[in-house]
Structure formats: structure tokens, C-alpha cells
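Novice: As numbered in mature numbering (1 follows the signal peptide of the UniProt record, and there is no 0), residues -18 to -1, 1 to 250 make up the sequence shown, in order.
Beta carbons: idealized from backbone N, C-alpha and C, even for Gly.
Pasting a structure below so you can have a look.
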Amino acid sequence: MVFLAPVLLLLALSRCSSEVVTDFTQTCPQFFANPGGTLSPPTVFPGKKYKQICQILGNTYEYATLYDTANKIPVYSAYRFNGLMQCTRQSNWYIEPQLENINYSKKMATESSVTNIQNQAVDDDYANSGYHRGHLAPVLHATSQSCSDATFTLTNAAPQDSSFNSGKWRTTEKAVADTLVQNCKGNSAYIVTGVVPGTGKLKNRVCIPSYFWTAYCCLDNNQQVKAASGFLGQNENNPVQEMSIKNLARKLSDLYGQVFRVFGGKCN
């Protein structure tokens, strides 16, 4: 029995992959809303520090992430919402080897298997920090155990105030899920969740976000917008504001200091 945990970890790792790609709208477009039949991903900021990742488990793409290697946090993760399932949370977190060297394996790995990690967070960054590894694509919204497992990569997490993560933000995640279960059943629901970089850092390495945000877009079977809404909250346990997608995009553009479109300027 003492060998069971290592064996299970190896089995999980053998199925987990995170592929760094040139254009995730070409490799894993299924996670981006297509209102009116037009693929409408969030803004991809220019610059070499931003990496597009298609997150895979086994042979299935589970969600997409835009990652900031300078701040060592994701900008956002985008995914489909297909309902709720009771999933088991795992305790292990993985890293993305290709962020260190594009020639490395695309399979997620334990940080001990990659030397001199410079472009992403590691477990030690969070140790005794008072911050949680805040999922962007959350376990709560996973519709399969494999999807849940795929969210446990540090490329899908950012430092989140522990009380905020367990309080107002979790309430928001549940409210979004409940709304989509009730009002988007039989239709297509897309979610994007992201963060805005702040000024503080964990271990002088990992940027602590000043804000977390999320947005959903529900499309009917004719790719017409049926419902959409956005949410923005400071990274502390204060109320999260709900707003239109247009207003969220406006606020995020101000916070990022450059134009940002949540659903490619659609789903307003």
C-alpha cells in the first residue's frame, strides 16, 4: 500500500498535458464563444511573455489559458460549462514544462522533474503566504473527473486572498453555475475567468492579482446570445460586482491599461 500514492500520481501525470501553442483559437477553439457564428475569443495581449496554452487531460482538451510568464500568473482561462458534477479534489499541483523550454514534454509535470523554473509559479511560492492557489477554471464548474483533475496546474491558478476564495468568490462561482443550469440548459455556455495584476508579489516572484473577474455567455442553438453577464471583485473578501459584458470590458481596459474585450467584443 505504501506504493499506491506514487503509482496514482504517475498515472495522473501520464494523462495530463498542457500544450503551448501559437494560436489557441486554431488548436482548441471549442472553448471560445461564437455568437452569430463568429469565433470571439478574449483579447490576447501582444508580447513574448504571454503564452497560449491548450490544457489537455488524456487525449481531450479541457480548457484554454493565456499565461503571463513575467508575472507568473494566468491572464485568463476559457472553458465550456456543461453542467455540474460532484468531483473529487486532488492534492497535487503540476507545472507546464514547455513554459521553460518549448522542446520539453507537453505533459504536465511535478516541479521536481524540471530544473531552474523561471517562467511560472511553484508550490513553494504559496507556502505560508496566506493566499490560496485560486483556480480560474474551477473544480466547481468541472463536468467530469478528468476535467477537474486538469484544473490542478499552477498555470490555471493565481494568488487569491483565502477569505475571498472561500467567501464572496466561491459564492459568485456557485451563482454563475446555478444561473447557467437554470437558464442555459440545452444551449451553449462559455465562461472566461481572469485576473488583473497587482503590485505585490509572493516570494518576490509571483504577482498577487488586484482583481478577479469572470464572465459567461449563453448562446442558443442558432448561436444567438440568450444571456450574458460579467463579475468583478477586488482580491479581498468584499462583495463582487455584477455588470454587463460591455461594462466589464470597459473596466478591464482601464485596469489593464490597454483595450480588452471579454468575448471579442460580442455577447454584449
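Please state the DSSP three-state secondary structure of Gly19.
Specialist: Helix.
Novice: By the three-class DSSP mapping on this structure, what secondary structure does Asp58 have?
Specialist: Looking at the sequence provided, one finds Tyr at residue 58 rather than Asp. Note: Tyr58 maps to strand in three-state DSSP.
Novice: Give the C-beta separation of Ile35 and Val57 to the nearest angstrom, bearing in mind that I take them to be a contact with Cβ-Cβ under 8 Å.
Specialist: That pair is no contact at about 11 Å.
Novice: List, from N- to C-terminal side, the alpha helix (DSSP H) runs of 4 residues or more that fit wholly inside the region 84 to 148.
Specialist: Listed in chain order, the complete alpha helix (DSSP H) runs (minimum 4 residues) inside the region 84 to 148 are 105 to 108, 127 to 132 and 144 to 148.
Novice: Against chain C, does Ile77 count as a neighbour if the rule is that its beta carbon must be under 9 Å from one of theirs?
Specialist: Included in the structure is just one protein chain, with no chain C present.
Novice: Is it the case that the CB of Ala139 approaches a heavy atom of the ligand MN more closely than 8 Å?
Specialist: Ligands in the displayed structure: none, and consequently the ligand MN is not present.
Novice: How big is the Cα-Cα spacing for Tyr172 and Ile99?
Specialist: Cα to Cα, Tyr172 sits roughly 32 Å from Ile99.
Novice: Pairing CB atoms from the region 100 to 108 with CB atoms from the region 133 to 143, are three or more of them under 8 Å?
Specialist: At 8 Å Cβ cutoff, the stretches touch.
Novice: Taking the continuous alpha helix (DSSP H) assigned at Ala231, which residues delimit it?
Specialist: From DSSP, the alpha helix (DSSP H) with Ala231 extends over Ile227 to Tyr238.
Novice: Is the CB-CB distance between Cys166 and Pro17 below 9 Å?
Specialist: Not a contact, by the Cβ cut-off of 9 Å.
Novice: Please classify Asn53 as buried or exposed, where buried requires at least 16 other C-beta atoms within 10 Å of its C-beta.
Specialist: So Asn53 ends up on the buried side.
Novice: Is the region 232 to 250 close to the region 186 to 204, with three or more CB pairs under 8 Å?
Specialist: Yes, since at least three Cβ pairs between the region 232 to 250 and the region 186 to 204 fall closer than 8 Å, the two stretches touch.
Novice: Sort Arg71, Phe213 and Asn101 by Cα distance to Gln80 and report the nearest one.
Specialist: With distances taken between Cα atoms, Gln80 lies closest to Asn101.
Novice: Taking the beta carbon of Thr4 as the centre, do at least 16 other beta carbons fall within 10 Å, making it buried, or is it exposed?
Specialist: So Thr4 ends up on the exposed side.
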